Amino acid sequence: MPETVAGKPCIICVAITGSLPTKANNPAVPITVEEQIESTQEAFEAGATIVHAHVRNEDETPSSDPEKFARLQEGVKKHCPGMIIQFSTGGRSGAGQARGGMLPLRPDMASLSVGSNNFPTRVYENPPDLVNWLASEMLTYDIKPEIEAFDLSHIHQAASMQKDGRLKAPAYVQFVMGVKNAMPADRDVFDYYIRTMERLLPESQWCAAGIGREQCVINEWAVSSGGHARTGLEDNVRIDKDTLAPSNAALVRRVVGLCEKFERPVATVAQARSLLGLRKADA
Ligand SMILES: [Zn+2]
Numbered sequence: 001m002p003e004t005v006a007g008k009p010c011i012i013c014v015a016i017t018g019s020l021p022t023k024a025n026n027p028a029v030p031i032t033v034e035e036q037i038e039s040t041q042e043a044f045e046a047g048a049t050i051v052h053a054h055v056r057n058e059d060e061t062p063s064s065d066p067e068k069f070a071r072l073q074e075g076v077k078k079h080c081p082g083m084i085i086q087f088s089t090g091g092r093s094g095a096g097q098a099r100g101g102m103l104p105l106r107p108d109m110a111s112l113s114v115g116s117n118n119f120p121t122r123v124y125e126n127p128p129d130l131v132n133w134l135a136s137e138m139l140t141y142d143i144k145p146e147i148e149a150f151d152l153s154h155i156h157q158a159a160s161m162q163k164d165g166r167l168k169a170p171a172y173v174q175f176v177m178g179v180k181n182a183m184p185a186d187r188d189v190f191d192y193y194i195r196t197m198e199r200l201l202p203e204s205q206w207c208a209a210g211i212g213r214e215q216c217v218i219n220e221w222a223v224s225s226g227g228h229a230r231t232g233l234e235d236n237v238r239i240d241k242d243t244l245a246p247s248n249a250a251l252v253r254r255v256v257g258l259c260e261k262f263e264r265p266v267a268t269v270a271q272a273r274s275l276l277g278l279r280k281a282d283a
């Protein structure tokens, strides 16, 4: 393990809901805003300091309703003091600028995909004009983007956007591996992503997420390599091959265990905000 890894705080991000998993996949997936707040609080108390959130309609389909995001934000602020709130601008909940309709709520962070790739059953379409519009809205509202890297080119794109001012330095990049038809969990590529970050975005932090059974694998790679870790029911509904995860908190506790294994303290809210260069939590 690299010398610099032990002792470095690890930020745990919990992706509570996503836009795909339903109660039929795992009854613990929080769907209503009330369930989301409760699940987030439990994950927060287990060690998560970032909540990555999508919202849903009553029938469990994805929603982009800013009113739901507003209620979620209010509940998380109340029950999870200082927790970093990150809204998804991912493409399943809407098309075009509807994807950024909640940004005027000024969450601490929002996800930002800077390029396109394939998803299990469709193209995840992120045309340059939409990417630029979402990035400019984030600048306007002082929201830190989390760049979703589904591909190596997305790290290069983040670097070029930072260079010309479309993104504020330092970038925060999420490596996503294991989405069907996109980049699999490949150790050589993972290590090359890290090297590319160090070369193109040396002041930046990175996190990594694995989908489905790759969640546990990627969590271990990330924690042992000095990155931050994302977990949660959005990416994976199981705690092991045969068992559904009982909660988001249970998945967070698994990452806490990895942090102990690799001698990394779990980042506090204040440490996470400082590492990411975020504004202090609203009083
Ligand atoms: Zn998401």
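Counting from 1, one number per residue, gives the positions in the sequence shown under the UniProt record's numbering. Yeah, the Cβ is synthetic: ideal placement off N, Cα and C, and Gly gets one too. Note that the structure is predicted; figures quoted are calculated from it, not measured.
- Here Val179 is not near Asn25, since their CB atoms are 7 Å or more apart.
- A Cβ-Cβ contact shorter than 7 Å links Leu251 with Gly232.
- Taking 7 Å as the cut-off, the beta carbon of Val51 is found closer than this to the beta carbon of Ile85.
- When C-alpha distances from Gln205 are compared across Val223, Val217, Asp188 and Glu35, the shortest belongs to Val223.
- By the neighbour-count criterion, in which 16 or more other beta carbons inside 10 Å mark a residue as buried, Ser274 falls on the exposed side.
- Gly47 sits buried, since 16 or more C-beta atoms from the chains shown fall within 10 Å of its C-beta.
- A straight line joining the alpha-carbon of Tyr192 with that of Thr22 spans about 34 Å.
- Taking C-alpha positions only, Ile147 is separated from Gln36 by approximately 23 Å.
- Relative to ligand 1, Glu234 has its C-beta within less than 6 Å of a heavy atom.
- Contact check for Thr89 against Ser116 fails: the beta carbons are separated by 7 Å or more.
- By the Cβ neighbour-count rule, Pro184 is exposed, with fewer than 16 other Cβ atoms within 10 Å of its own.
- Assignment of beta-bridge partners to Ser113 by DSSP yields Glu148.
- Assignment of beta-bridge partners to His228 by DSSP yields Cys207.
- Between Asn126 and Ser113, the gap from beta carbon to beta carbon is short of 7 Å.
- Restricting attention to beta strand (DSSP E) runs no shorter than 3 residues, the segment 143 to 196 encloses them at 144 to 149 and 172 to 177, ordered along the chain.
- The Cβ atoms of Met109 and Lys144 sit closer than 7 Å to each other.
- A straight-line Cα-Cα distance of about 10 Å links Ala158 and Pro170.
- Linking Thr243 to Arg213 through their CA atoms gives a straight-line distance of about 12 Å.
- Take Ala135, set aside five residues on each side of it, and the residues of its chain with a beta-carbon closer than 7 Å to its own are Leu112, Pro145, Met161, Arg166 and Leu167, in chain order.
- When DSSP states are grouped into helix, strand and coil, Val123 belongs to the strand group.
- Here Pro30 is near Ile16, since their CB atoms are less than 7 Å apart.
- With a beta-carbon spacing of about 6 Å, Asn181 and Pro120 fall inside the 8 Å limit used to define contacts.
- The three-state reading of DSSP puts Cys80 in coil, since its state is none of H, G, I, E or B.
- Distances between the C-beta of Gly212 and the heavy atoms of ligand 1 are all 6 Å or more.
- The three-state secondary structure of Arg253, taken from DSSP, is helix.
- Rounded to the nearest angstrom, the Cβ distance from Glu42 to Ala249 is 4 Å, consistent with a contact under 8 Å.
- Taken through DSSP and simplified to helix, strand or coil, Asn25 comes out as coil.
- Uninterrupted alpha helix (DSSP H) stretches at least 4 residues long and entirely within the segment 13 to 62 occur at 33 to 46, given in chain order.
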